[in-house]
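Visitor: End of the sequence shown = 1186 in the working numbering, gap-free, step of one. Below is the structure I would like to discuss, written out as structure tokens.
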Amino acid sequence: RYHTDFPPKFDVDLSCLRFGDRRPASPSAMRLTADIILRADSYLNPLLDRELNLRGYKIPAIENMGATQDQFDTVDFSDNEIRKLGNFPRCARLKTLLLNNNYVTHIDATLGEQVVNLETLMLTNNRIANLSELNSLAGCRKLTMISLLGNPVIFRQHYRLYLIHTLPQLKSIDFRKITAAERRDSKALFVSEAGASMLQDVESERRKAPKPEEALNGDVNKESDAQGDGPVDMDTFTEEQKATIQEMIANASTPEEIDRIEKMLVAGRLPDASEKPPEANGDQPGAPSGNGSVVEASSDAKRTGSNGLPERKRVIVDDLDD
């Protein structure tokens, strides 16, 4: 029926085309316009929710979401350049927001009034550094699942217990179910003097935090450094502190230990030699330890080999010496 031996009239390589992908080819940042929203891919995801795909457009800010006409259960903003979570119209249907791999440092305090039925919030690999930013989620009464892996805030002391206290309806934090023991520990902590002192510190942190407009105006590097999201200025360490850090680096024998030291420095904290990684003290990552503190798992814990360990040690020590 078909003449397979007939020579083709044209010899065209179509492998470079991506049929159905209507995203612009330009890698430069662009505003989120109503036209982009209307042209973006939408589909039923595996959970049978209607999802709008806005991944990878390098969007700097959320805007013009009224163009969705509240017709979606899920919106995926992953792999963009969003710095502030907010600026939604009132959305009654929207229940899942995916903002992985962005630059989010601020959360709008009225987010709960904008997305009234928000249940799931994915903020993996962003730049939230202050516990006070999490207070903005208190208005999200139906929020049950959140991920903040890859944010400096997860290295703050009692981070999980603070989230449980602020959002008691949560069921899962960073893909780990909240246990009954954690709820008891959170309740006990925040009726104690230590908990009251912590709440005062968070409030003081909120008052000192840079205004969201500074990030939106492009002053991102200055703001990130102020919140501990950029590299710590090694000049602020004394020679004794540098010697202590160098000793900890030299004694580290696993990638997890190097991850812990490096990320504590990035989060603006001086590594404590008395703190042990989860693998060393036998505690399950994220579970309350014997002294009431919370042991957090490294977001890079999946790297288990020793390849590159000496090089990573050398880089950190060189930063200290510069």
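Ideal Cβ positions, reconstructed from N, Cα and C, are used throughout, including at glycine.
Buried or exposed for Asn1115, please, with buried defined as at least 16 other CB atoms from any protein chain shown within 10 angstroms of its CB.
Guide: exposed
Visitor: Suppose you measure from the CA of Asp913 to the CA of Ala956; what does that come to, to the nearest Å?
Guide: 14 Å
Visitor: Under 7 Å, do Thr1030 and Leu998 count as touching if we go by C-beta distance?
Guide: yes
Visitor: To which residues does DSSP link Met1009 through a beta bridge?
Guide: Thr984, Ser1036
Visitor: Spatial neighbours of Ile1125 within its chain, please: CB distance less than 8 Å, with the 5 preceding and 5 following residues excluded, ordered by chain position.
Guide: So the qualifying residues of the chain are Ile1109, Met1112, Ile1113, Ala1116, Pro1135, Ile1180.
Visitor: Who are the near neighbours of Glu1069 in its chain, counting only those whose CB is closer than 8 Å to its CB and skipping five residues on each side?
Guide: Asn994, Leu995, Ser996
Visitor: Hey, quick one: how far does the alpha helix (DSSP H) through Asp899 stretch, first residue to last?
Guide: 898-903
Visitor: Output yes if chain B places a C-beta closer than 7 Å to the C-beta of Ala956; else output no.
Guide: Protein chain content of the structure displayed is limited to a single chain, and chain B is not contained in it.
Visitor: Quick check: the segment 935-949 against the segment 965-977, are there 3 or more CB pairs under 8 Å?
Guide: yes
Visitor: Whose C-beta lies closer than 6 Å to the C-beta of Met986 among residues of the same chain, with five residues either side of it excluded?
Guide: Leu962, Asn964, Ser1011
Visitor: Would the beta-carbon of Glu1037 fall within 7 Å of that of Leu1025?
Guide: Checking the sequence, you will find Ile at residue 1037 rather than Glu. For Ile1037 and Leu1025, no; Cβs fall outside 7 Å.
Visitor: Is the beta carbon of Asn928 less than 7 Å from the beta carbon of Ala898?
Guide: Contact flag set, yes.
Visitor: For the alpha helix (DSSP H) holding Ser1050, just list the boundary residues, first then last.
Guide: 1044-1053
Visitor: Express the C-alpha separation of Arg947 and Lys922 in angstroms, rounding to a whole number.
Guide: The straight-line gap separating the alpha-carbon atoms of Lys922 and Arg947 is approximately 11 Å.
Visitor: Hey, how far is the Cα of Gly976 from the Cα of Leu1034?
Guide: 14 Å
Visitor: CB Thr938 to CB Glu915, shorter than 7 Å?
Guide: yes
Visitor: Do Glu1007 and Leu982 have their CB atoms nearer than 7 Å?
Guide: Reading off the sequence, residue 1007 comes out as Leu, not Glu. Contact: yes.
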